[in-house]
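Heads up: the structure comes next, in structure tokens.
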Amino acid sequence: MFFIKRYTEDLLNLLFPELCNGCAQLLYRGEKEVCTKCLYDLPYTDFHLYPDNLVAKQLWGRLPLNAAMAMLYFKKGTNVQNMIHSLKYNHKCGMGTVFGKLLAKRLKKSEFYNDLDLIIPVPLHLKKLKLRGYNQSEYIASGLSEELAVPISTKNLLRRQATESQTKKARYTRYENMKDVFTVKDKTEVLDKHILLVDDVITTGATLEACGSTLLKNGVKKLSIAAVAFAE
Ligand SMILES: [Zn+2]
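Structural data, given as structure tokens:
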């Protein structure tokens, strides 16, 4: 059976070669979504080890957090950008799971994330979800959930309306624009829990601020944040 499976895999690979989501080179057997070289070269921040890291500092005074981190530095024109792009726009959902598992390995080494009760991915608005077909943060969260053995909740925190394009807005306006966008459907699921809020890339932090404050208003005991990447 093993040989048949391997033969089928080889044949499929020949017909539909799998490419690395970072550098677009052919993947070897055993490599998943990303080649070994790209994995090795990932620009890790090590933010999970430092409570006063750049992501936490960005959110200081905006949200009372237990901890906040992003795993990688995000820069334009890099393989990290290619990987995130594949995940968000090219239906490479497996990339999200790979990111989630890498993220989990780091969180396991941090004392700030060792008592998590529930993982919640930042939700997409229903319209956007239908258009894209999936929420990329859900895949990151599911990789995390599997590796950390912490349950995931995807249907409780909801996004009410699509926001206008935020690229040209100042940080304050962005938050003002977003603050009433999120709602919690079932309060009992989050009440008195330590929640890990999961996002793909942190830029201004406005979305996380709006999501996080909604969760805290609904009785969350402790709130932590983890993202795949941080755009300075
Ligand atoms: Zn690669």
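Residue numbering for the sequence shown follows this note's numbering, starting at 6 and increasing by one per position.
We put the beta carbon where it would ideally sit given N, CA and C, even for glycine.
Since this is a predicted model, take the numbers as computed values, not measurements.
For residue 10 and residue 16, the gap between their C-alpha atoms comes out near 10 angstroms.
In summary, residue 114 is exposed, with fewer than 16 beta-carbon neighbours lying within 10 Å of its beta-carbon over all protein chains present.
Looking at the backbone, the Cα of residue 68 and that of residue 40 are separated by about 37 angstroms. With a threshold of 16 other beta carbon atoms within 10 Å, residue 128 meets it and is buried. If only complete runs of 3 or more residues are kept, the stretch 37–102 shows the beta strand (DSSP E) at 72–78, in order along the chain.
Counting only beta-carbon distances shorter than 5 angstroms to the non-hydrogen atoms of ligand 1, the qualifying residues in chain order are 25, 27, 28, 40 and 43. DSSP places residue 229 within a strand segment (E or B) once states are collapsed to three. Residue environment analysis places residue 193 among the exposed positions, since fewer than 16 neighbouring C-beta atoms fall within 10 angstroms of its C-beta. An exposed status is given to residue 21, since fewer than 16 other beta-carbon atoms sit within 10 Å of its beta-carbon.
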